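Colleague: Take this structure, written in structure tokens, and hold onto it; I'll ask about it next.
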Amino acid sequence: MKSELTRERWQEKLTNELQDNILGYWQKNTVDDIYFGFVGEVRGNGEKVAEADKGLVLHARILWTFASAYRWRRDEVYLQLARRAYETLNARFRDPEHGGLYWMIDVQGRPVQAKKQVYGQAFVIYALAEFARASEADAADALAWAEDIYRLLEKHAYDPVHLGYVEALARDWTETDDLSLSGKDLNERKSMNTHLHVLEAYTNLYRVWKPEGLRAKLKELIDVHLDKIVDPAAGHFRLFFDDEWNSKTADVSYGHDIEGSWLLWEAAEVLGDEALLPRVKKIALRMAEATLEQGVDDDGGVFNEFDGSHLDDSKIWWPQAEAMVGFLNACQLSGDRKYLEAARNCWSFITLRISDREGGEWHWRVTREGVPAAGGSHPKVGAWKCPYHNSRACFEALERLEKLERLD
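If you count by the working numbering, then the sequence shown holds residues 7 to 414, one letter each, in order.
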């Protein structure tokens with residue numbers, strides 16, 4: 007389908023969505039005035055679950071979001087919310103005995119799941135680096151803490167034999183059999199998802215802290231993605247692995263593919279290794295092409311997953327956000343306007359079907375026909391329903407649209 011959306015109108019819509027429907031929702035509805043930090047769950051109908059446990063990823067992503075929002079617009083409310091998330095992570099999630107942070111705590115601040123999930127530690131690094139970029143007053147402390155977590159991951163989670171990082175460790179950083187991120191993930195030693203977000207975290211950390219050791223680790227992580235995780239012929243990520251990088255599933259996650267395409271390019275750009283850039287560019291464009299050809303519906307929405315025989319054609323909020331950015335990135339890299347049109351179509355799908363104009367924020371999931379889950383059964387806020395994918399998509403799209411010379 008052909009969109010007539012102009013650059014100026016698109017930027018205006020993005021700004022309104024970001025400021026009012028995303029940031030405004032989290033500002034008004036998620037501060038926990040009963041206990042601390044931010045509420046652990048808000049149901050799809052808007053009901054707050056006061057006693058819900060509080061997730062590490064949720065609070066880290068809130069920190070990243072409002073730190074980034076403060077860099078975008080110097081609104082003191084954004085800085086206050088970022089600082090609230092930072093203080094909650096520091097006072098409630100931080101493990102005073104073993105270092106790192108708990109995966110899940112209750113409303114009394116007691117650890118419910120004390121394991122050291124590498125994915126969660128990485129998101130804290132990502133958020134702390136953003137906070138250091140946003141707030142000069144907090145930069146030294148935030149950066150020192152990020153460096154500390156980085157060193158813990160390198161000491162305990164890194165695989166010096168086969169490269170990469172194990173999924174999780176026990177509270178004291180010893181081995182654990184409880185590896186999986188969630189009930190839907192395989193309980194394997196390594197995953198694409200964790201490595202993608204360690205890459206993302208180290209990229210942001212390298213923006214503000216540039217020791218040679220981190221530079222080497224970031225370069226190695228890019229190579230691991232290209233050599234072990236991406237299937238270059240298919241243009242898809244492999245998802246789960248054993249220690250030796252033997253793939254454990256043939257499933258395809260279209261959202262992760264298109265997200266990874268632009269995060270890999272971002273990492274290579276921040277690293278600044280001129281010899282690596284052409285290889286990353288080729289892979290990034292192959293992944294964007296595969297997603298566009300196989301994972302995008304006629305209405306511009308992105309399908310969820312394909313398991314080799316069955317397509318999950320529902321459309322979840324975060325792949326839509328990542329697709330808009332990933333296709334804009336592919337347009338910038340290739341000059342091919344089909345990716346610009348794909349990004350516009352994805353944005354149109356978001357505004358028509360994913361953005362909740364009545365309740366605020368975005369619906370978790372809609373059917374292929376664009377109908378939200380019955381009865382608001384999926385949360386608006388939760389351990390995995392956070393403001394990071396959709397706010398970041400708006401930040402990124404606004405910045406990238408400024409760099410595109412023309413949209414026709």
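Backbone N, C-alpha and C fix where the C-beta goes; we use that ideal spot for every residue, glycine too.
Because the structure is a prediction, the values reported are computed rather than measured.
Going by other Cβ atoms of all chains shown within 10 Å of its Cβ, with 16 needed for buried, is Ser383 buried or exposed?
Modeller: Locating residue 383 in the sequence shown gives position 377, counting from the first residue. It is exposed - the Cβ of Ser383 has fewer than 16 other Cβ atoms within 10 Å.
Colleague: State the DSSP-derived secondary structure class of Leu328, mapped to helix, strand or coil.
Modeller: In the sequence shown, the residue the question calls residue 328 occupies position 322. Looking at the sequence itself, residue 328 is Glu, so the reference to Leu does not match. Helix, per DSSP.
Colleague: Would you give the residue range spanned by the beta strand (DSSP E) that Val422 belongs to?
Modeller: Any question about residue 422 goes unanswered here, given that the chain covers just 7 to 414.
Colleague: Buried or exposed, going by whether 16 or more other CB atoms sit within 10 Å of the CB of Asn252?
Modeller: Position 246 of the sequence shown, counted from the start, is the residue given in the question as residue 252. Result: exposed.
Colleague: In angstroms, rounded to a whole number, what distance separates the CA positions of Asp184 and Thr200?
Modeller: Taking the first residue of the sequence shown as position 1, residue 184 is located at position 178. Taking the first residue of the sequence shown as position 1, residue 200 is located at position 194. If I take the Cα positions, the gap works out to 15 Å.
Colleague: Does the pairing of the region 66-73 with the region 128-148 give three or more beta-carbon distances under 8 Å?
Modeller: A contact exists between the region 66-73 and the region 128-148.
Colleague: Determine, using beta-carbon pairs with one atom in the region 91-111 and one in the region 17-36, whether at least three such pairs fall under 8 Å.
Modeller: The answer is no - the region 17-36 does not touch the region 91-111, with fewer than three Cβ pairs under 8 Å.
Colleague: Return the Cβ separation of Glu265 and Gly332 in integer angstroms, given the expectation that the two are a contact with Cβ distance under 8 Å.
Modeller: Locating residue 265 in the sequence shown gives position 259, where the first residue counts as 1. Locating residue 332 in the sequence shown gives position 326, where the first residue counts as 1. About 6 Å; that satisfies the 8 Å criterion.
Colleague: Counting only the same chain and skipping the five closest in sequence on each side, list residues whose C-beta sits under 7 Å from that of Ala403.
Modeller: Walking along the sequence shown from the start, residue 403 turns up at place 397. Once the five neighbours on either side are set aside, the close Cβ partners of Ala403 are Leu20, Met330, Val331, Leu334.
Colleague: Could you tell me the distance, in whole angstroms, from the CA atom of Asp305 to the CA atom of Cys352?
Modeller: As a working mapping, residue 305 is identified with position 299 in the sequence shown. As a working mapping, residue 352 is identified with position 346 in the sequence shown. So the two alpha carbons sit approximately 8 Å from each other.
Colleague: Give a yes or no on whether the C-beta atoms belonging to Ser315 and Phe246 are separated by under 7 Å.
Modeller: Position 309 of the sequence shown, counted from the start, is the residue given in the question as residue 315. Position 240 of the sequence shown, counted from the start, is the residue given in the question as residue 246. Against a cut-off of 7 Å, the Cβ pair of Phe246 and Ser315 comes out as no contact.
Colleague: What's the gap between the Cα of Asp191 and the Cα of Asn396?
Modeller: Here the question's residue 191 lines up with position 185 in the sequence shown. Here the question's residue 396 lines up with position 390 in the sequence shown. Each residue's alpha carbon lies about 23 Å from the other.
Colleague: Considering only the beta carbon of each residue, do Ser320 and Thr357 sit closer than 7 Å?
Modeller: As a position in the sequence shown, residue 320 is number 314, starting the count at 1. As a position in the sequence shown, residue 357 is number 351, starting the count at 1. Going by C-beta atoms, Ser320 is not nearer than 7 Å to Thr357.
Colleague: Would you call the CB atoms of Arg177 and His104 closer than 7 Å?
Modeller: Translated into positions along the sequence shown, residue 177 becomes position 171. Translated into positions along the sequence shown, residue 104 becomes position 98. Yes, the pair counts as a contact, with Cβ atoms nearer than the cut-off.
Colleague: Can Thr180 and Ala174 be called in contact, C-beta distance under 7 Å?
Modeller: One-based indexing of the sequence shown puts residue 180 at position 174. One-based indexing of the sequence shown puts residue 174 at position 168. For Thr180 and Ala174, no; Cβs fall outside 7 Å.
Colleague: Do you know how far the Cα of His262 is from the Cα of Gly307?
Modeller: On the sequence shown, position 301 is the one that residue 307 refers to. On the sequence shown, position 256 is the one that residue 262 refers to. Roughly 14 Å separates the two Cα atoms.
Colleague: Does Val118 pass the burial test, meaning 16 or more other C-beta atoms within 10 Å, or should it be called exposed?
Modeller: For the purposes of this step, residue 118 is taken as residue 112 along the sequence shown, with counting starting at 1. It is exposed - the Cβ of Val118 has fewer than 16 other Cβ atoms within 10 Å.
Colleague: Report buried or exposed for Val83, applying the criterion of at least 16 other Cβ atoms within 10 angstroms of its Cβ.
Modeller: Numbered from its first residue, the sequence shown carries residue 83 at position 77. Per the 10 Å Cβ criterion, exposed.
Colleague: By how many angstroms is the C-alpha of Glu411 removed from the C-alpha of Lys8?
Modeller: Walking along the sequence shown from the start, residue 8 turns up at place 2. Walking along the sequence shown from the start, residue 411 turns up at place 405. Here Lys8 scores only 49 on pLDDT, less than 50, and its place in the model should not be relied on; the value that follows carries that caveat. Approximately 19 Å, taken between the alpha carbons.
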